[in-house]
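Read left to right, the sequence shown gives residues 61 to 400 (my numbering). Backbone N, C-alpha and C define an ideal beta-carbon position, used for all residues, glycine too. Quick caveat, the model's predicted, so the values are computed rather than measured.
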Amino acid sequence: MPFWAVAVVLVVLAAGVFAAANRLGRDPAPDVRVSGAGPSGTPSPPTSSASPSSHPKGPLVLHGAGDVSLDPSYISTYASHGYGYAWSGMGGLFRRDDLTIVNLECAVSDLGTAVPKEFNFRGDPDALPVMHDAGVEVANLGNNHSYDFGPDALLDTVRNVKRAGIAPVGAGATQDDALAPAAFDLQGWRVAVLGFDQVVDPYPEAVATDEKPGTAAGHDTGLMIDAIRAAAGDADIVVVMVHWGVELDTQPRAEQVDLGHRMVEAGADVILGGHAHRLQPMETYHGRPIFYSLGNFVWPDFSREGSTTAVAEVTVSPQGRFRGRLLPVFITAPGHPQLG
Numbered sequence: 061m062p063f064w065a066v067a068v069v070l071v072v073l074a075a076g077v078f079a080a081a082n083r084l085g086r087d088p089a090p091d092v093r094v095s096g097a098g099p100s101g102t103p104s105p106p107t108s109s110a111s112p113s114s115h116p117k118g119p120l121v122l123h124g125a126g127d128v129s130l131d132p133s134y135i136s137t138y139a140s141h142g143y144g145y146a147w148s149g150m151g152g153l154f155r156r157d158d159l160t161i162v163n164l165e166c167a168v169s170d171l172g173t174a175v176p177k178e179f180n181f182r183g184d185p186d187a188l189p190v191m192h193d194a195g196v197e198v199a200n201l202g203n204n205h206s207y208d209f210g211p212d213a214l215l216d217t218v219r220n221v222k223r224a225g226i227a228p229v230g231a232g233a234t235q236d237d238a239l240a241p242a243a244f245d246l247q248g249w250r251v252a253v254l255g256f257d258q259v260v261d262p263y264p265e266a267v268a269t270d271e272k273p274g275t276a277a278g279h280d281t282g283l284m285i286d287a288i289r290a291a292a293g294d295a296d297i298v299v300v301m302v303h304w305g306v307e308l309d310t311q312p313r314a315e316q317v318d319l320g321h322r323m324v325e326a327g328a329d330v331i332l333g334g335h336a337h338r339l340q341p342m343e344t345y346h347g348r349p350i351f352y353s354l355g356n357f358v359w360p361d362f363s364r365e366g367s368t369t370a371v372a373e374v375t376v377s378p379q380g381r382f383r384g385r386l387l388p389v390f391i392t393a394p395g396h397p398q399l400g
């Protein structure tokens, strides 16, 4: 697909994408509705409090990208082109921003054995420093593949991600660890990043508890909301990456829209969704961007629909006003996203 065609698709998906809101006074209603999503009811007022950080604030730029596989048996170009090929089509975009968050859709460990499920992805730890050098600071492990080789591999993945200089979110040794945010001080802003995994039905044992490792929250939306509220009390900006919805859907389900709105009302400022393996629309709710699905990123080029994707870009002004947009990307070869 030519890049002009990708751009047309994204313009349709992201109509009305630019929006802004002050951190202490969010817009009373969304300026974009998601087609086919259905109403979410009357929202309660969003959480509002004095800024936790008193430092002078500068403009902030963050990016979010969808599913990343570091599995050499799944991404054929790793053997022929090396791990750097996965990031070479982005023109250094992630190295020029303040924060980049991706969904790491695999266990990255040599430990463990495959749990009984249809697909099990095992990434190579040697690929992680390359991902870090490309500009990725946060890897969400709150998804349906970080537990593919059991608890030992998941904990080893957390360790390997940290060793590479990347902050893992969405999984951990206990429920509290899995729900804990990664925190950053950027341009005078205190930023908290959370990861959540709702896609646990194929293997519910993957959900973390007080006694065992796993991913964050499962279907317990109350835990998610509480974690967002807690993070919002300590940070100026709260970013949530959530694995939710149904594979191959091109529109979010009504329950996703409702949960996304509840997250914003609880204090989330940016929501980055995934799992559908398809790009979905974004909306702006109370001045906060919700990207319902960022689709694939470092992934095989199985189809035109799956390869037509995007990177979420969010800018925050020194006054605390948010603007979100989708940057067109097309997967031109296995594991090779190309910025439009």
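Discussion item. Between which residues of its own chain and G389 is the CB-CB distance below 7 angstroms, once the five residues before and five after are set aside?
Written reply: For the purposes of this step, residue 389 is taken as the residue at position 329 of the sequence shown. Before going on, a small fix: residue 389 reads as Val here, not Gly. Excluding sequence neighbours, V389 sits near T369, A370, V371, P397, Q398, L399 and G400.
Worksheet entry | Identified DSSP bridge partners for A167 | Here the question's residue 167 lines up with position 107 in the sequence shown. Paired residues: R182.
Worksheet item: By how many angstroms is the C-alpha of G278 removed from the C-alpha of P264?
Response: Walking along the sequence shown from the start, residue 264 turns up at place 204. Walking along the sequence shown from the start, residue 278 turns up at place 218. Straight-line Cα distance between these residues: approximately 8 angstroms.
Discussion item. Just to confirm, is the Cβ distance from D157 to V190 under 8 angstroms?
Written reply: Translated into the one-based positions of the sequence shown, residue 157 becomes position 97. Translated into the one-based positions of the sequence shown, residue 190 becomes position 130. Cβ distance not < 8 angstroms, so D157 and V190 don't count as in contact.
Worksheet item: Candidates P241, A266 and D309: which alpha carbon is nearest M284's?
Response: The residue you call residue 284 lines up with position 224 of the sequence shown. When each option's Cα is compared against that of M284, the closest is P241.
Discussion item. Please classify P262 as buried or exposed, where buried requires at least 16 other C-beta atoms within 10 Å of its C-beta.
Written reply: Here the question's residue 262 lines up with position 202 in the sequence shown. Exposed.
Worksheet item: By how many angstroms is the C-alpha of N163 removed from the C-alpha of P228?
Response: For the purposes of this step, residue 228 is taken as the residue at position 168 of the sequence shown. For the purposes of this step, residue 163 is taken as the residue at position 103 of the sequence shown. If I take the Cα positions, the gap works out to 10 angstroms.
Worksheet item: DSSP beta-bridge partners for R385?
Response: The sequence position of residue 385 within the sequence shown is 325, counting from 1. R385 pairs with E373.
Worksheet item: Which of the three DSSP states, helix, strand or coil, is assigned to L283?
Response: Within the sequence shown, residue 283 is the residue found at index 223, counting from 1. Helix at L283.
Worksheet entry | Candidates N180, E373, K272 and V299, of which the one nearest G255 by Cα | Here residue 255 corresponds to residue number 195 of the sequence shown, with the count starting at 1. Of the candidates N180, E373, K272 and V299, the one whose C-alpha sits nearest the C-alpha of G255 is V299.
Worksheet item: Three-state secondary structure (DSSP) at D212?
Response: For this step, residue 212 is matched to residue 152 along the sequence shown. Here D212 sits in helix by DSSP.
Worksheet entry | Run of the alpha helix (DSSP H) containing E315, from where it starts to where it stops | For the purposes of this step, residue 315 is taken as the residue at position 255 of the sequence shown. Taken as a continuous stretch (DSSP letters only), the alpha helix (DSSP H) holding E315 covers A314 to A326.
Discussion item. Tell me which residues share the same chain as V376 and place their Cβ nearer than 6 angstroms to its Cβ, disregarding the 5 neighbours each side in the sequence.
Written reply: Along the sequence shown, read from residue 1 onward, the residue named residue 376 stands at position 316. Only L120 and F382 meet the Cβ criterion.
Discussion item. Measuring only the C-alpha atoms, how far is S353 from R250?
Written reply: The sequence position of residue 353 within the sequence shown is 293, counting from 1. The sequence position of residue 250 within the sequence shown is 190, counting from 1. C-alpha separation (whole angstroms): 25 angstroms.
Discussion item. From the DSSP secondary-structure annotation, give me the bridge partner or partners of H123.
Written reply: What you label residue 123 is simply residue 63 of the sequence shown in a count that begins at 1. In the DSSP output, where bridge partners are listed per residue, H123 has T160 and E373.
Worksheet item: Which value, in whole angstroms, describes the spacing of the CA atoms of I391 and D193?
Response: Reading the sequence shown from its first residue, position 331 is the one you call residue 391. Reading the sequence shown from its first residue, position 133 is the one you call residue 193. Roughly 20 angstroms separates the two Cα atoms.
Discussion item. Along the chain, where does the beta strand (DSSP E) containing Y345 start, and where does it finish?
Written reply: The residue you call residue 345 lines up with position 285 of the sequence shown. From DSSP, the beta strand (DSSP E) with Y345 extends over M342 to Y345.
Worksheet entry | Straight-line Cα distance separating E165 from G210 | To locate residue 210, count along the sequence shown from 1; it is residue 150. To locate residue 165, count along the sequence shown from 1; it is residue 105. Taking the straight line from one Cα to the other gives about 14 angstroms.
Discussion item. Using only CA atoms, which one of P378, I161 and E373 lies nearest to G384?
Written reply: By 1-based counting over the sequence shown, the position of residue 384 is 324. Answer by Cα proximity: E373.
Discussion item. Does the contact criterion of 3 or more C-beta pairs under 8 angstroms hold for the region 177–190 versus the region 318–333?
Written reply: no
Worksheet item: In the structure shown, what three-state DSSP assignment does Q235 receive?
Response: One-based indexing of the sequence shown puts residue 235 at position 175. Q235: helix per DSSP, three-state reduction.
Worksheet item: What whole-angstrom Cβ distance do N204 and H303 have, given they're in contact under 8 angstroms?
Response: Taking the sequence shown and counting its residues from 1, the one referred to as residue 204 is at position 144. Taking the sequence shown and counting its residues from 1, the one referred to as residue 303 is at position 243. Contact holds; Cβ gap of about 7 angstroms.
Fill in: Test item: CB-CB of V414 and A268 under 8 angstroms
This structure cannot settle anything about residue 414, because the visible part of the chain is limited to 61 through 400.
Fill in: Nearest to G366 (by Cα), restricted to the options H115, A167, V168 and D127
By 1-based counting over the sequence shown, the position of residue 366 is 306. That would be D127, whose Cα lies nearest to the Cα of G366.
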